[in-house]
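Add 620 to the 1-based position in the sequence shown for the working numbering, that's all there is to it.
Ideal placement from N, C-alpha and C gives every residue a C-beta, glycine not left out.
Below is one structure, written out as structure tokens; comments come after it.
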Amino acid sequence: MSERVLKIVMQVVRLILGCTFILSGFVKAVDPRGFSYKVEEYLQAANMDFPDWMNLPLVAAIVICCAEFVLGIYLLLGLRRKFTAVATLIVCVVFTIISVLLVIFHPVHDCGCFGEFISLTDAQTLIKNIVLLGLAILLVRNPQVAKPLVPEGWQWIVSLYTCVFIFVFCLRSVYYLPLIDFRQYKVGADLREMVFPTHDDIKPEEISDFMVLDTLSEDQTAQILFKKEPTILIIAPLLNEASTGVTEKLATINDWCRDNGYDIFCLTASPLKDIRKWCYYNDAEYPFLIADHTLLKTMVRSNPGVMLLRDGVIRNKWSANNLPEVEDASVDEKELEATAGNNGKILLKILLWYLLPMLLIIMLSNLIKKRKPKLPKLLKVSNDADDTNDSYDSNNSKNSITTKNTKTMRQKIVAGNWKMNMTLQEGVALAKELNEILSADKPNCGVVICTPFIHLASIAPMLDTSVLKLGAENCADKEKGAYTGEVSAAMVKSTGAEYVILGHSERRAYYGETPEILKEKVNLALANGLKVIFCIGEVLEEREAGKQNEVVAAQLKGSLYDLTAEQFANVVLAYEPVWAIGTGKTATADQAEEMHAFIRAEIAKQFGQEVAENTTIQYGGSCKPSNAKELFAKPDVDGGLIGGASLKAADFKGIIDAWKD
Ligand code: 13P
């Protein structure tokens, strides 16, 4: 599959998974209490007991819907891509296992994947979950393909805002009633028509199982639904679980009903002794009717809740936390009836509360990321940065602004590239010598030696990594398999090496390594926990044609710009003008600085100013003890990648010491 096609496929995969998770999280968050009943069914089916006070089903319901929603947003925006891909796969595996159990054992009726919004059969649920699992596997295999819509430094705001939004929304739905009623007993539903249909074309799912009995088991359904007077129904599925904090308010409602010609009943599934107890302790004077427990839980998601019926039509509903205010006897009856469409408006408002800030964050973060640094003040990256140290070198750093402080903040690294030199014995001896020298006289910078593959495993255990680290000179562009002679990133890592040089001009020129191949190598190296020293640089003709900036920018873009800022933090850049490598012809310190400043500005454009300021950019090409100090003194030169001079301990040490005063 070509890279372009893969990109499109992965975007679609993300879109499908993201939207599915957002939808399933959101519709459950609309009615977490309803979903908690489903969780309770699952827990009971699994014979899991839990103490009543814990309200485990409700807590689990809230956690599940929040997690699904957040995961959906992460998928859609491409945030923390690896973590998100793995989390998605885990969730999909769990869901698939559950749906297989559903198909085999039918422990619960309706899986509850989309709350009460969409009802799926067990087989449909299984098919849906297998498809999602397939997509999740694709995602785990290609987690980095799509670019994040929000730059690294801003992702925490998106995460925090998403978590807070969905959690508060859940709590709101629990405290009041669901904003959208997906069930039969929504405001406006004609119960009379649903129980005693007058037309034949009523669909089976519209037929209601609403039935109420009096305490003598006489059916009172018709009497309730055909009453002339408006009727208030207090709905308390189980009285011993009902909130007793509202009993005074219920008494007030009872008085108001009596004074205004309303009927009032309390519908419950509790046994008579509980009804008596309730009346005795709460001075309840309203009459009681008996109905099915599940029916009552479905009618109002509150215990107790209140429902207003007129002409058999549900006119309004209230939760225990939001009962109708009828203390004022002159309350207008019309005020009690819900305004049609009100809920839709509230829902829109709530969605805008999420969508508008999110859009703003996405736009703002991308705008800031793309903005070219122009003013020295932009460079305030450290609290202790001293403004007086800011300098703007307009001659050498047209595109870059640097401060002495920011230079000291990023790591300075001198790395040796042994190339195809040294037998195993010679290499081991040189590494040993260097290790001893640097252990005795600690360097003022990071030091790395990048050796041929055959040296790695022998040298790694000898090094004191606090003074000397190890790297390879290359790794394969394939993960593993039948690639005779190649050495994978994982194999390099397994030797104990921490770094790998990629993109060296010699490999580009002699082994045909293209930006695409290098991109693969970089991705694999980073995925295997290696730090990458990525080489860029122009050939003589390109410099003579004044094309050096263009060439270097294209090399960066071609292999590194699909990385996240988080990944890019593990990349060290090495500017190596090809005409200076092994020729004895060093770029002047000013030439090096000009290019390094340009590179840093390019990185700032792609990854943001802060990332650019933290990026180590080494110079490579005939760097020796005699010229290292002058080169390293330049504000954007953060060390060197040394070829020939790294093969002798004394020369290499001389370059390392250029960082000492
Ligand atoms: P020299 O230091 O030998 O010029 O080589 C530079 C280089 O290619 C390092 O990777």
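Beta-carbon separation (whole angstroms), residue i vs residue j, contact threshold 8 Å
i	j	result
N1143	F1218	Between F1218 and N1143 the Cβ distance is about 25 Å, and since that is not below 8 Å, they are no contact.
A766	R634	6 Å
F689	A649	6 Å
V1120	A1145	5 Å
K1249	A1278	4 Å
V807	R935	7 Å
V1172	T1236	With 8 Å as the limit, V1172 and T1236 do not qualify as a contact, their Cβ atoms being about 16 Å apart.
E838	Y882	So it is not a contact: roughly 22 Å between Cβ atoms.
K1113	N1148	5 Å
R1127	E1136	Incorrect: roughly 14 Å between the Cβ atoms, too far for contact.
E1283	D651	Only positions 621 to 1281 of the chain appear in the structure, and residue 1283 is not among them; the question remains open.
A1051	M1029	The Cβ separation is near 30 Å, so there is no contact.
F1252	F1188	F1252 to F1188, Cβ: 23 Å. No contact.
E966	L799	Note that residue 966 corresponds to Ile in the displayed sequence, not to Glu. Right, their Cβ atoms sit about 6 Å apart.
Pair within 7 Å by beta-carbon distance, residue i and residue j
i	j	result
V760	V770	no
N1238	L1267	Reading off the sequence, residue 1238 comes out as Gln, not Asn. Against a cut-off of 7 Å, the Cβ pair of L1267 and Q1238 comes out as no contact.
S985	W774	yes
T872	E953	no
V832	A904	no
P763	A707	no
A1109	L1150	yes
G1123	C1095	no
I1276	V1067	yes
C613	G1091	Because the chain spans 621 through 1281 in this model, residue 613 falls outside it and cannot be assessed.
V794	R653	yes
D596	E1213	One cannot answer for residue 596 here, as it falls past the ends of the chain, which runs 621 to 1281.
Y906	N860	no
V926	L943	yes
V1048	F1073	no
G692	F641	yes
I786	C686	yes
D1097	K1141	yes
G1263	N1037	yes
S719	D730	no
L797	S939	yes
F725	S644	no
G732	K823	no
G1202	I1033	no
P727	A665	yes
Start-to-end residues for the beta strand (DSSP E) that takes in residue i
i	result
M668	Taken as a continuous stretch (DSSP letters only), M668 belongs to no beta strand (DSSP E), as it is neither H nor E.
I1156	K1151 to I1156
C1070	G1066 to T1071
Q843	It is not in any beta strand (DSSP E) - Q843 instead sits in the alpha helix (DSSP H) that spans T841 to L845.
K917	Unbroken run through K917 is the alpha helix (DSSP H), H913 to M919; no beta strand (DSSP E).
L887	D883 to T888
N1292	This structure leaves residue 1292 out entirely; the chain is present only between 621 and 1281.
Y1239	I1237 to G1240
S765	A small fix is needed here, since residue 765 is Val in this sequence, not Ser. Taken as a continuous stretch (DSSP letters only), V765 belongs to no beta strand (DSSP E), as it is neither H nor E.
I934	V933 to W938
First through last residue of the alpha helix (DSSP H) which encompasses residue i
i	result
T704	R701 to F725
C899	L892 to N902
I693	L676 to L697
R1127	S1125 to Y1130
G1047	L1044 to A1060
Y1181	From DSSP, Y1181 is part of no alpha helix (DSSP H); its letter is neither H nor E.
G754	D742 to R761
L1251	P1245 to F1252
W776	Q775 to Y795
V876	Note that residue 876 corresponds to Trp in the displayed sequence, not to Val. Start and end: T867 to N880.
M814	L811 to V815
R1220	A1209 to F1227
T1115	A1109 to T1115
K1141	P1135 to A1147
Q1187	A1185 to F1188
K1273	A1269 to I1276
L1160	L1160 to E1164
Q. Using 8 Å as the threshold, is the segment 879-891 in touch with the segment 852-860, meaning 3 or more CB pairs across them?
A. Segments in contact, yes.
(Q) Does the segment 1158-1175 come into contact with the segment 1192-1206, if we say contact requires no fewer than three beta-carbon pairs (one atom in each stretch) closer than 8 Å? (A) With contact defined as three or more Cβ pairs closer than 8 Å, the segment 1158-1175 and the segment 1192-1206 are in contact.
Q | Quiz: which residues have CB nearer than 6 Å to the ligand 13P non-hydrogen atoms | A | Result (chain order): N1037, H1124, E1196, I1201, G1202, G1240, G1241, S1242, C1243, L1261, I1262, G1263, G1264 and A1265.
Q: Would you check if the segment 1048-1058 and the segment 1074-1088 touch, i.e. whether three or more CB-CB distances between them fall below 8 Å?
A: Flag = yes, the segment 1074-1088 and the segment 1048-1058 touch.
Q: Could you tell me whether the segment 838-852 touches the segment 925-939, using the rule of 3 or more Cβ pairs below 8 Å?
A: In short, these stretches touch, since the Cβ pair count reaches three.
Q. Between the segment 1202-1210 and the segment 1241-1257, are three or more C-beta pairs nearer than 8 Å?
A. Contact between the segment 1202-1210 and the segment 1241-1257 is present, because at least three Cβ pairs lie under 8 Å.
Q. Would the segment 738-750 and the segment 707-716 be scored as touching if the rule is three or more Cβ pairs under 8 Å?
A. Because the criterion of three Cβ pairs below 8 Å is met, the segment 738-750 and the segment 707-716 touch.
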